[in-house]
C-alpha cells in the first residue's frame with residue numbers, strides 16, 4: 002500500500018462523513034478478512050484507521066465549537082495586529 006492509497010482512503014472517510022454516513026459505516030469494519038493471514042489483517046487495520054481518520058477529521062471540521070474557537074482566535078489575532086498598527 003502506498004501513501005497515495007492511504008490518502009485516498011482518508012479522503013473516502015471524509016466524503017463519507019460529508020454525506021452523512023456514521024463512523025460505524027466504515028467499509029473496513031466488514032468481515033471477510035482472514036484472521037490467519039497476519040499481513041491481510043494488518044492491511045485491513047491500516048485501511049480501517051485511515052478511513053476513520055478521514056471521517057473524524059471531517060467531523061471535527063463540522064463541530065461548531067471548534068469553528069467558533071478558530072473564529073475567535075482569528076479575531077483576537079486581527080485585533081492585536083490592528084492595535085499594534087494604531088499605537
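In my numbering, the protein residues as written are 2 to 88.
Ideal placement from N, C-alpha and C gives every residue a C-beta, glycine not left out.
Treat the numbers as computed from the prediction; the structure is a model and nothing was measured.
- In this chain, the alpha helix (DSSP H) harbouring residue 60 covers 39 to 62.
- Selection 51, 72, 5, 39 evaluated against residue 24 yields 51 as nearest (Cα-Cα).
- Per DSSP, reduced to three states, the secondary structure at residue 73 is helical.
- The C-alpha of residue 43 lies about 16 Å from the C-alpha of residue 54.
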